[in-house]
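Visitor: Protein sequences, first through last, are from chains A and B.
Just so we're aligned, residue 1 is where the first sequence starts under our numbering, counting upward by one.
Just so we're aligned, residue 399 is where the second sequence starts under our numbering, counting upward by one.
Ideal Cβ positions, reconstructed from N, Cα and C, are used throughout, including at glycine.
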Amino acid sequence: MNLDFTPDELAFRDEVRAFLQAKLPQPIAAKVLGHKRLQKDDWVVWQQILHAQGWIAPHWPVEHGGTGWSAVQRHIFEEECAAAGAPGVMAFGVHMVGPVIYTFGNAQQKARFLPRILASEDWWCQGYSEPGAGSDLASLKTRAERDGDHYVVNGQKTWTTLAQWADWMFCLVRTSSEGRKQEGISFLLIDMRSPGVTVRPIITLDGEHEVNEVWLENVRVPVENRVGDEGRGWTCAKFLLSNERTGIAGVSRSKRELAYLKQIASAERADGRPLIDHPRFRDRIARVEIDLMALEITVLRVLSAERGGKALGPESSILKIKGTEIQQALTELQMEAVGPYALPHVPMAWGDRWLGERVGPEYAAPLAARYFNYRKVSIYGGSNEIQRNIIAQGVLGL
Amino acid sequence: MDFDYTEEQQLLADSVEKFLEKTYTPEMRTLIVGSREGFGPAAWQGMAELGLLGVPVPTEHGGFGGGGVETALVMEAFGRHLVVEPWIPTCVMAATLVAAAGTADQKHEILTLLQAGRLKLACAFTEPGGRYALDHVTTTARQDGDFWVIDGAKSVVMHGDCADLFIVAARTSGDATSPHGISLFFVNPGEDGVSGQEYPLYDETRAVDVRFDNVRVGIINLIGVRDEALGLIELAVDRAIAALCAEAVGCMDRLHALTLDYLRTRQQFGMPIGRFQALQHRAVDMLMHLEQARSMALLAAMRVDATDPVARRRAVSAAKELIGRAGRFVGQQAIQLHGGIGMTDEYIAGRYVKRLAAIDTWFGDADHHLDRFHAAGAAQPPVLLPTAPRSKWKTL
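1) What does DSSP give as the partner residues of LYS157 (chain A) in its beta bridges?
2) Beta carbon of VAL221 (chain A): closer than 6 Å to some heavy atom of the ligand SAM?
3) Quick one: what does DSSP say ILE379 (chain A) is sitting in, helix, strand or coil?
4) Assuming LEU295 (chain A) contacts VAL359 (chain A) (C-beta within less than 8 Å), just tell me the rounded distance between them.
5) List, in chain order, every chain E residue whose beta-carbon is nearer than 8 Å to that of ASP758 (chain B).
6) Can you tell me whether DSSP reads TRP760 (chain B) as helix, strand or coil?
7) Using a cut-off of 7 Å between C-beta atoms, extract the partners of LEU216 (chain A) located in chain B.
8) Along chain A, which residues have their Cβ under 9 Å away from the Cβ of GLN678 (chain B)?
9) Going by the CB atoms, is the gap between SER120 (chain A) and GLN47 (chain A) shorter than 7 Å?
10) Mind checking PHE401 (chain B): buried by the 16 CB within 10 Å criterion, or exposed?
11) Mind pulling the chain B residues with CB within less than 8 Å of SER304 (chain A)?
12) Give the straight-line distance between the Cα atoms of GLY748 (chain B) and VAL647 (chain B), rounded to the nearest whole angstrom.
13) Report the residue from B:GLY775, B:HIS534, B:GLY616, B:ALA498 whose alpha carbon sits nearest the alpha carbon of PRO799 (chain B).
14) Let me check one thing: in DSSP terms, what residues is THR538 (chain B) bridge-paired to?
15) Which residues does DSSP pair with GLN126 (chain A) in a beta bridge?
16) As a quick exercise: from A:LEU300, A:VAL395, A:THR235, pick the residue whose alpha carbon is nearest that of ASN2 (chain A).
17) Using a Cβ-Cβ cut-off of 7 Å, state whether LEU653 (chain B) counts as contacting chain A.
18) Pick from B:THR488, B:ASP636, B:GLN595: whose alpha carbon is nearest that of ALA520 (chain B)?
19) Determine the closest residue to GLN407 (chain B) out of B:ALA764, B:GLU468, B:VAL453, with distance taken between C-alpha atoms.
20) Measure how close the beta-carbons of GLU525 (chain B) and LYS552 (chain B) come, nearest whole angstrom, since I'm counting them as under 8 Å.
21) Reducing DSSP to helix, strand and coil, say where ASN106 (chain A) ends up.
22) Report yes or no: is there a C-beta of chain A within less than 7 Å of the C-beta of GLY668 (chain B)?
23) Got a sec: which bits of the segment 496-529 of chain B sit with their beta carbon under 7 Å from any beta carbon on chain A, in order along the chain?
24) Please check the pair GLY231 (chain A) and PHE187 (chain A), which I expect to be a contact at CB under 8 Å, by giving their CB distance rounded to whole angstroms.
25) My understanding is that ALA640 (chain B) touches ALA699 (chain B), with C-beta atoms under 8 Å, so please give their C-beta distance in whole angstroms.
26) GLU626 (chain B) bridges to which residues according to DSSP?
27) Starting from the C-beta of LEU410 (chain B), find all residues in its chain whose C-beta is less than 8 Å away, skip the five residues before and the five after it, and write them out in chain order.
28) Any Cβ of chain A within less than 7 Å of the Cβ of VAL822 (chain B)?
29) Three-state secondary structure (DSSP) at PHE462 (chain B)?
30) What residues from chain A crowd round ARG664 (chain B), counting only those whose CB sits closer than 7 Å?
31) Who are the near neighbours of GLY85 (chain A) in its chain, counting only those whose CB is closer than 6 Å to its CB and skipping five residues on each side?
32) Do the segment 376-385 of chain A and the segment 317-325 of chain A make contact, defined as three or more Cβ pairs closer than 8 Å?
33) On a Cα-Cα basis, can you pick out the residue from B:TRP546, B:ALA568, B:LEU532, B:ASP562 that is closest to THR538 (chain B)?
34) For LYS320 (chain A), return the contacting residues in chain B, with the cut-off set at a CB-CB distance below 7 Å.
35) Can you pull the DSSP bridge partners for MET399 (chain B)?
36) Just the Cα atoms here: how many angstroms apart are ALA82 (chain A) and ILE49 (chain A)?
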């Protein structure tokens with residue numbers, strides 16, 4: 001039992017560092033580190049650099065384009081990318097639909113979609129939630145009716161993240177109303193340019209356009225775009241939700257944000273001394289830091305167990321709950337750290353083309369918006385209460 | 399990076415567990431805590447025969463040569479079985495001090511007797527009015543020919559009631575809270591001028607407050623270098639804390655299991671109460687605290703042997719802080735989820751709750767270790783803040 005990296009792992013870390021130093025575009029890193037708004041191109045440019053290096057999808061099987069890295073190597077990679085300010089790889093393609101396609105898709109689907117996902121040629125979005133199907137996802141009502149070689153899809157999806165940029169949507173649809181509600185669901189890939197697809201923005205409480213409503217009116221989807229058997233979409237959905245287990249904790253990014261918080265709290269002054277020297281604030285930072293130290297070890301324990309061949313399922317829900325609690329605590333402390341300069345609401349000040357005058361310290365501008373935005377993390381991906389239900393049933397047997 | 403036990407460690411864990419299951423039954427424990435001695439001479443002897451008393455003792459002195467991880471393995475099992483024997487002061491703290499700083503004779507004599515089960519030690523470090531501070535030492539030792547003369551008082555000395563020998567921190571120079579000027583001495587509790595009070599603690603272990611009035615001990619009773627003991631004391635206490643963290647994990651693990659059993663069997667409103675979501679979520683929150691605590695106990699176990707004292711302090715204090723919080727949470731929720739039965743003295747759950755509360759207090763509670771964690775210094779590399787020059791006014 002030890003916490004040290006092997007010489008090989010240290011050499012790998014140096015390799016990753018050298019790559020980031022040479023290839024991560026500094027303007028993109030500056031936006032990530034300073035909490036500025038990222039544009040679609042920022043992600044695409046960075047993902048294509050990763051792709052050129054062969055590192056875009058480390059967790060995929062090697063035959064589909066994965067790197068064959070160990071769990072520890074993947075951890076090191078995430079850690080270094082986060083610390084350097086690399087944007088997180090957009091989850092919808094590489095982390096979500098990609099693994100569903102290589103696991104449940106047929107040969108044509110794999111050949112058609114996987115290379116374009118790896119190359120970031122398609123932007124994907126997730127058509128899961130509906131106005132009447134949130135936590136109770138299986139009660140979804142979007143209908144897909146068979147018409148020859150096509151499904152005709154009607155319904156409404158919501159909270160669809162970055163659908164305004166998407167070329168494709170992976171979508172859960174109801175192909176049958178018979179039997180258990182989970183059994184009538186199918187997994188369809190929908191071209192966002194199809195007639196009948198309408199994307200309407202939802203502005204969230206930070207004032208940003210991140211999520212959307214997607215209306216589907218008589219959208220014709222070729223049957224060949226169904227992944228897996230008809231009525232087996234729930235299997236794909238569950239697989240997708242449990243596939244990315246450890247990254248969900250966001251430990252690497254939280255470590256970066258903790259360091260940033262300490263910088264802010266050192267730069268801010270109250271009563272003539274740095275805020276970080278005020279015991280009340282200092283203690284709140286320290287408690288989050290300790291929680292994060294523990295979570296990092298918990299994640300490493302999960303990785304270690306995975307390497308030992310032990311399958312971990314519902315335990316990953318612990319990582320999601322704890323990880324998002326820490327992320328939220330950090331955004332809250334960052335906002336509080338800047339005091340009154342958290343109040344100005346000048347959305348252009350966290351855009352990338354803003355050359356104008358700022359109010360207060362530059363780092364202060366986006367912090368309140370981030371605090372409000374991060375309330376989402378305990379809701380998406382299965383709310384933290386749903387995660388507790390999963391643990392209660394799947395781990396505790398209650 | 400590796401979180402697996404070696405074969406040897408696994409064997410050790412299995413043999414401790416087997417030994418306790420067989421000999422340290424709840425009935426036996428009840429007899430032990432009710433006895434005049436307050437510990438089990440037979441249990442202690444059994445541990446000696448199994449080699450358990452030598453787990454943290456270096457191999458060159460006949461021990462198992464275990465470090466933080468082996469100590470934690472033993473303590474986690476002790477936590478599950480609520481062991482009340484003086485293993486921490488004797489085998490962790492005293493063994494650390496003697497092995498690190500003792501003379502060849504002291505090492506040979508003390509470590510041999512200790513492993514044979516014939517010598518139990520207690521560490522008298524903290525003082526009335528000093529709370530948890532290890533550098534608050536007003537007890538004095540002055541040299542008088544071939545003797546040291548010790549005067550002062552020590553408070554709440556863990557397992558001091560059954561100790562055959564005290565290790566006492568006394569000031570040989572400097573003022574009351576100076577880090578320099580503290581020395582360690584062996585003092586026999588039967589020595590003239592040693593007096594005190596033995597008392598039970600709420601967790602069924604025992605402690606003493608002890609006074610030293612003009613106590614004369616031989617010059618050979620000094621341990622290590624005169625005036626320079628604080629670093630050693632801190633090391634011994636850090637090892638004790640890492641051990642307590644593992645014990646707390648054992649306690650929480652059992653307490654959580656007991657609570658789940660209760661939730662599955664207790665029927666109200668025609669169904670097991672574990673079907674109610676409000677209770678399920680509390681049980682999940684207990685699990686999260688337990689797993690986070692387990693992670694921190696592992697971190698403390700692995701880092702307590704670090705040569706870098708900053709890394710050691712950070713890990714140990716972070717672990718003690720988190721486990722203090724976690725122990726409170728798990729203990730309080732366990733009682734709440736058991737309802738009335740959790741309030742009874744007869745039911746075992748309360749013993750774990752009380753032990754967890756006591757563990758938080760020993761060697762500094764969560765607040766104390768939050769301060770120490772902060773004082774230990776930063777480990778994070780800085781991230782640069784964005785900066786932009788201000789030039790002229792503008793309306794936004």
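Guide: Reading from the atomic positions:
1) According to DSSP, LYS157 (chain A) bridges with A:VAL214.
2) Here there are no bound small molecules, and the ligand SAM is not part of this structure.
3) Residue state, collapsed to three classes: coil.
4) Between VAL359 (chain A) and LEU295 (chain A) the Cβ distance is about 35 Å, and since that is not below 8 Å, they are no contact.
5) Among the chains of the structure shown, chain E does not appear; the protein chains present are A and B.
6) TRP760 (chain B) carries a coil assignment under DSSP once its states are collapsed to helix, strand and coil.
7) Within chain B, no residue comes near LEU216 (chain A); the closest Cβ sits about 34 Å away, beyond 7 Å.
8) Those are ARG388, ASN389, ILE391, ALA392, GLN393, LEU396, LEU398, listed as they occur along chain A.
9) Yes. Within cutoff.
10) PHE401 (chain B) is classed as buried because its beta carbon has at least 16 other beta carbons within 10 Å across all chains shown.
11) MET399, ASP400, PHE401, ASP402, listed in chain order.
12) Distance between the alpha carbons of GLY748 (chain B) and VAL647 (chain B) is about 16 Å.
13) Outside the shown range of chain B (399 to 794) lies residue 799 (chain B), about which nothing can therefore be said.
14) B:ASP549, B:ARG569, per the DSSP bridge assignment.
15) Per DSSP, A:PHE170.
16) When only C-alpha atoms are compared, the closest one is A:LEU300.
17) Closer than 7 Å: no.
18) Out of B:THR488, B:ASP636, B:GLN595, B:THR488 has the C-alpha closest to the C-alpha of ALA520 (chain B).
19) Distance from the Cα of GLN407 (chain B) is smallest, within the candidate group B:ALA764, B:GLU468, B:VAL453, for B:GLU468.
20) About 6 Å; that satisfies the 8 Å criterion.
21) If DSSP states are grouped into helix, strand and coil, ASN106 (chain A) belongs with coil.
22) It does not; no Cβ of chain A falls within 7 Å.
23) Hits within the stretch: zero.
24) Actually they do not touch by this definition, with Cβ atoms about 10 Å apart.
25) Taking C-beta atoms under 8 Å as the contact rule, ALA640 (chain B) and ALA699 (chain B) qualify, at a distance of about 5 Å.
26) Under the DSSP definition of a beta bridge, GLU626 (chain B) partners with B:ILE580.
27) Only VAL453, PHE462, GLY464, GLU468, LEU471, VAL472 meet the Cβ criterion.
28) Any question about residue 822 (chain B) goes unanswered here, given that chain B covers just 399 to 794.
29) PHE462 (chain B) falls in the coil class under three-state DSSP.
30) Going along chain A, no residue has its Cβ under 7 Å from ARG664 (chain B), so there is no contact; the nearest lies around 12 Å.
31) ALA29, VAL32, LEU33.
32) Three or more Cβ pairs closer than 8 Å define a contact, and the segment 376-385 of chain A meets that threshold against the segment 317-325 of chain A.
33) With distances taken between Cα atoms, THR538 (chain B) lies closest to B:ALA568.
34) Those do not exist, as LYS320 (chain A) stays about 11 Å from chain B at its closest Cβ, beyond 7 Å.
35) Looking at the DSSP assignment, MET399 (chain B) forms no beta bridge with any residue, so it has no partner.
36) Straight-line Cα distance between these residues: approximately 16 Å.
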